[in-house]
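Some notes on the structure that comes next.
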Amino acid sequence: MNRRNYFHLLLLAAAVILIQLCASGLNKEFYLTQLTMSAYYSLVVLGLCLLMGCAGQASLGHGAFFAIGGYMSAVLTTHNLAVWQKAVWAGWLQRAGVLVLQDNLFDGTSQLVFTPWAAFLAAMVFTIVIAILVGYPSLRLKGHYLAMATLGFSLIVYRLLLASPLTGSADGINGVPPWPILPGLTVSGEKPLRISNYYLSWLIAMMALVLLMNLVHSRVGRALRAIHDGETAANAMGINTGRFKLMAFVVSALLAAAAGSFLTHYNAGIGPSEASAMKSVRYVTLVAVGGMDNFWGSLLMSVLLNFLSLRGYFGTYDHAVFGIILILIISLMPDGPFKPLGNLIQRLSTNRIAGGKEKHGSA
Amino acid sequence: MVLLEAFGIRQCFGGLVALDQVSFKVQAGTIKAVIGPNGAGKTTLFNIVSGIFPPTAGKIVLEDRQITGLKPFQVAALGISRTFQNPSLFAHLSVLENVMVGRHGRTYGGLFNCSLRLPAQRRAEREARDFALDCLDRVGLAWMASESAQALSFGQRRMVELARALATEPKLLLLDEPASGLNTRETGDLAKLIGRIRQSGVTILLVEHDMALVMEISDDILVLHFGTPIAEGPPAQIQNDPKVIAVYLGEDSNVAASKEPEMRLR
Ligand SMILES: Nc1ncnc2c1ncn2[C@@H]1O[C@H](COP(=O)(O)OP(=O)(O)OP(=O)(O)O)[C@@H](O)[C@H]1O
Ligand SMILES: [Mg+2]
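Sequence lines, in order, name chains A and B. Heads up: the first sequence runs through residues 131 to 493, numbered per my numbering. Heads up: the second sequence runs through residues 11 to 276, numbered per my numbering.
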């Protein structure tokens with residue numbers, strides 16, 4: 131992160147605050163709900179930016195990682211373990227804060243479930259294992275093996291979620307409890323918590339942004355960018371290319387899964403459509419439309435397009451819109467819209483300066 | 011002392027035998043050249059030494075340690091670095107960053123340290139930067155440090171590649187046709203630079219078509235023809251070897267001219 135990035139970060143924070151003040155002032159606070167969700171979805175996009183934009187490895191499986199995080203949280207925090215309540219270990223885990231006795235929302239009986247924090251940590255560990263299992267074999271090869279393998283992976287996850295009673299089949303899982311993430315701060319979609327959740331989501335998104343940008347401008351990020359530009363040369367210069375590609379893959383999968391966990395608690399539930407291949411394509415689109423290795427661009431486009439999509443502006447064409455944008459971007463402006471735009475602005479402003487000088491000279 | 015030794019290297023690509031029965035030694039602190047007509051297998055030999063692919067048969071030993079079958083990054087960690095026949099800089103990195111990539115194996119810092127930019131990490135980054143600048147300075151391109159790699163001329167790319175290889179602090183440096191695409195003045199500078207690198211204690215294995223340069227700077231020459239060694243020895247001996255002259259029949263004027271390398275370089 132350099133000084134300019136910190137300035138941009140300040141601008142972003144100011145915009146976040148301003149939007150909240152306007153929304154509250156104009157009595158349109160419901161907008162904040164979609165903006166909160168967009169911020170969480172942006173975590174997936176930022177992670178994918180690292181993997182695709184920096185390391186140059188395309189993944190069509192990040193919808194599946196999002197779903198893995200979300201479903202892990204959902205299943206563990208709602209699945210009743212009461213049959214084991216008498217077991218010694220259940221007592222230990224309760225005292226350790228891993229399990230908790232909770233009143234069922236529907237019938238008032240008490241049930242033994244995982245705490246949201248325990249479920250989240252389990253989701254992270256599980257994601258690391260799955261990401262390594264998927265990424266290790268395909269990342270050792272060059273080319274588009276990762277895109278193919280991850281596409282297959284996301285189709286499998288989607289089908290498993292639809293088939294399994296544990297994950298609620300086509301209905302998904304409802305009644306996921308709020309997540310008291312810090313004392314006084316709870317991830318929940320309830321109306322009174324709207325503003326605090328809006329700020330929490332944006333704080334998390336900005337933290338991810340800062341960490342990722344630090345990473346990109348460091349030894350690790352340099353290694354990833356070198357791999358993107360020339361894998362053989364990078365390897366010959368001492369970079370364990372397989373390991374670094376896997377690292378980028380796991381980090382991006384973790385961000386996707388974390389986004390899944392947060393959003394599942396925020397929405398109090400999750401459905402199988404989150405794992406569909408179209409969702410994965412959407413994330414790839416958002417990275418491409420942001421300019422591939424441009425974290426700022428991807429964040430802005432992700433928030434904008436996700437917000438419009440969540441507000442229902444694309445209607446029944448929702449998935450088609452993202453598909454069309456992807457095709458247009460890849461065929462017309464592979465660098466995304468921001469670089470050409472920046473060049474244009476630069477050209478215009480230098481023209482103006484040059485023009486001004488001329489006038490000055492003739493005067 | 012022998013730094014690198016190759017034993018009976020053989021490399022087949024499908025039905026094509028690119029190298030066969032190639033054995034040689036590289037003495038520490040010397041400059042050894044590998045010459046031969048186009049397609050003789052010189053680059054293939056470099057790829058095998060640097061671990062890009064394992065040989066079909068034979069083995070490579072670096073200081074009593076067998077390195078055949080190691081990955082390129084492992085070979086690099088043991089002290090072998092290289093440049094490529096087609097300069098392969100990282101196009102989207104700056105010149106300085108390109109050279110800093112060469113510091114990768116000599117520095118630490120993983121996910122945690124780098125994403126949090128801990129003080130130790132910032133210090134390591136500064137040191138890598140200084141070292142890289144130093145390497146750029148050695149090839150005379152420190153003033154281009156902040157340029158994009160794409161902004162460089164062909165000759166400058168070769169030099170930055172050389173700086174990047176130096177940044178790994180190699181024991182053995184493999185240079186694949188470092189003078190191709192350079193003009194006479196640049197080639198002269200390169201000869202001096204290679205001499206200075208050797209002075210600093212780096213052993214050099216060189217593939218080069220510019221016979222004047224080869225004869226001027228190398229201590230020892232290996233001649234490959236269709237993948238097999240046909241002669242090996244000091245420049246004076248190679249120049250008068252009838253087999254070598256026969257192989258270079260079309261180019262023998264070149265070999266003859268190189269008997270007065272000083273003249274040609276001036
Ligand atoms: N990866 C590969 N796959 C198949 N054939 C290859 C491969 N690399 C090299 N060859 C073949 O091996 C032979 C030797 O090639 P090599 O590049 O080693 O020659 P060279 O001596 O470096 O030639 P030049 O002076 O033109 O660079 C050539 O016939 C080439 O076509
Ligand atoms: Mg070659």
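Even for Gly, the Cβ is constructed at its ideal location relative to N, Cα and C. Computed from a predicted model, the values in this text were never measured in an experiment.
Alpha-carbon to alpha-carbon, residue j and residue i
i      : j      : result
A353/A : L234/B : 36 Å
L176/B : S91/B  : 8 Å
Q241/A : L181/A : 40 Å
Y170/A : Y329/A : 11 Å
L182/B : F195/A : 45 Å
I255/B : L184/B : 25 Å
T394/A : G200/A : 5 Å
T238/B : I77/B  : 21 Å
E73/B  : P246/A : 56 Å
Y413/A : A248/A : 27 Å
D359/A : V287/A : 32 Å
F283/A : V317/A : 29 Å
K487/A : M154/B : Low confidence applies to K487/A: its pLDDT is 49, below 50, so where it sits in the model is not reliable, and the reading given next is rough at best. Those two C-alpha atoms are separated by around 30 Å.
M254/A : A388/A : 7 Å
K269/B : M225/B : Caution applies to K269/B, whose pLDDT of 43 falls short of 50 and renders its modelled position unreliable; the model cannot decide the point.
N57/B  : V264/A : 30 Å
S403/A : F244/A : 24 Å
G390/A : I454/A : 25 Å
E99/B  : L203/B : Residue 99/B is actually Leu in this sequence, not Glu. Whole-angstrom Cα-Cα distance: 20 Å.
G61/B  : G472/A : 42 Å
T280/A : M110/B : 32 Å
G421/A : G466/A : 4 Å
A138/B : D199/B : 26 Å
M367/A : Y136/A : 32 Å
A356/A : F392/A : 33 Å
L211/A : R289/A : 25 Å
W309/A : V149/B : 58 Å
L292/A : G302/A : 8 Å
V259/A : I369/A : 23 Å
G112/B : L478/A : 39 Å
beta-carbon residue i near ligand 1 non-hydrogen atom, thresh 7 Å
i      : result
G39/B  : no
G351/A : no
L26/B  : yes
N48/B  : yes
F452/A : no
F23/B  : yes
Heavy atom of ligand 2 within 7 Å of residue i beta-carbon
i      : result
K52/B  : yes
V217/B : yes
Q95/B  : yes
D186/B : yes
Chain-ordered neighbours of residue i on chain D, where CB pairs are closer than 8 Å
i      : result
R352/A : Any reference to chain D falls outside this structure, whose protein chains are A and B.
Presumed contact (8 Å Cβ cut-off) between residue i and residue j, rounded CB distance
i      : j      : result
A386/A : G177/A : 6 Å
A277/A : S189/A : 7 Å
S348/A : C124/B : 4 Å
L192/B : G165/B : 5 Å
K52/B  : V59/B  : At roughly 11 Å, the Cβ-Cβ gap does not stay under 8 Å, so K52/B and V59/B are not in contact.
I334/A : L162/A : At roughly 15 Å, the Cβ-Cβ gap does not stay under 8 Å, so I334/A and L162/A are not in contact.
P188/B : G89/B  : With 8 Å as the limit, P188/B and G89/B do not qualify as a contact, their Cβ atoms being about 19 Å apart.
V340/A : G120/B : Actually they do not touch by this definition, with Cβ atoms about 18 Å apart.
R116/B : T178/B : 7 Å
P244/B : D229/B : 7 Å
Buried or exposed by the 16-neighbour rule on C-beta atoms within 10 Å, applied to residue i
i      : result
Y443/A : exposed
C184/A : buried
A16/B  : buried
M169/B : buried
H114/B : buried
L79/A  : Since the first residue shown for chain A is 131 and the last is 493, residue 79/A is missing from the structure and cannot be characterised.
E320/A : exposed
L296/A : exposed
R75/B  : exposed
Y258/B : buried
L416/A : buried
F160/A : exposed
S461/A : exposed
H274/A : exposed
Q476/A : exposed
A450/A : exposed
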